[in-house]
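Okay, structure first, notes after.
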Amino acid sequence: MQQWKMYFCPLRPTIFLTVLAGVDLPDLPTKRRRKPVIRIRKSEIIDADEDDLPDPKPDKFKKPILDEIPDSGATPPSSAEETASLAEETLEAWETLRQGAGKLMRKYAVRVCGYCPEVHVGPSGHKAQNCGAFKHQQRNGQHGWQAAVIDDLIPPRYVWHVPETEPELQRELRNFYGQAPAVVELCVQGGARVPEPYKPTMRLDVGIPTNLREAEMVV
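Laid out in structure tokens, this is it:
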């Protein structure tokens, strides 16, 4: 079971979802069937003969996947206005990504392991025994697949949201601190407006106890 894993190149689940939905990427050549497959047995299918079909036309709008910009090539904004504009654009792109991925998840099944963060796009999870979560030896490394949600596909990576004048954070007071996804917090600090879904957890007009004794007195 472990031998075949070396022949597969893992993809980001969001990219695989777009390819599954019909997006053609030059970096990821994909063979798409234009006729329904023929089922011979319950567990055996073959491709239909497509010789009578014309050759597919190349997609002139096909674009490669954008490479990540290295730190040395990233140019910071030169003014406060440019910083705020970039923050708004980044936040809008983040929301567009999550909303679009959420819609695709309604069309195509996505699974997540209940023990580890492994994500699989497909009606049933793969059989690779590579789960390394707690007590994985008792399961022979098999995953426990279940239906995924958008936060499994695109983890938000929450960070604390507190006033800049707040003293050093204390573990005992963590229930009183605000939270937000790291991308949202970064954009808000850059000058973007707080999105409506995150306003309840990013309020700064709520009093925060200064010590554990004050926290115990909170009703």
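According to mature numbering (1 follows the signal peptide of the UniProt record, and there is no 0), the sequence shown holds residues -21 to -1, 1 to 198 in order. C-beta: ideal position from N, C-alpha, C; glycine also. Note that the coordinates shown come from a computational prediction; the quantities given were computed from them, not determined experimentally.
Check your understanding: Any idea if Ile17 is buried or exposed, counting beta-carbon neighbours within 10 angstroms, 16 or more meaning buried?
Key -> exposed
**Study point:** Cα-Cα separation between Trp124 and Arg77, rounded to whole angstroms
**Key:** Rounded to whole angstroms, Trp124 and Arg77 show a C-alpha spacing of 22 Å.
**Study point:** Nearest-angstrom beta carbon gap, Gly111 and His122 [assumed within contact, 8 Å]
**Key:** About 10 Å; that fails the 8 Å criterion.
Practice item. To the nearest angstrom, report how far apart Phe113 and Asn119 are at their CA atoms. Key: The straight-line gap from Cα to Cα measures roughly 12 Å.
Exercise for review: Measure the C-alpha to C-alpha separation of Pro174 and Pro33 and round it to an integer number of angstroms.
Suggested key: Whole-angstrom Cα-Cα distance: 49 Å.
**Study point:** Among Glu195, Arg172, Met196, Val98, the one whose alpha carbon lies nearest that of Leu70
**Key:** Arg172
Practice item. Please list, in chain order, all residues of the same chain as Val91 whose beta carbon is under 6 Å from its beta carbon, the five residues on each side excluded. Key: Cβ within range, chain order: Val98, Ala127, Asp131.
Check your understanding: Just how far apart, CA to CA, sit Leu152 and Ala72?
Key -> 33 Å
Practice item. With a 10 Å radius around its C-beta and 16 neighbouring C-beta atoms as the bar for buried, classify Leu191 as buried or exposed. Key: exposed
Exercise for review: Have a look at Ile187, Val162, Tyr87, Asn154 and flag the residue whose alpha-carbon is nearest the alpha-carbon of Pro146.
Suggested key: Comparing alpha carbon positions, the residue from Ile187, Val162, Tyr87, Asn154 closest to Pro146 is Ile187.
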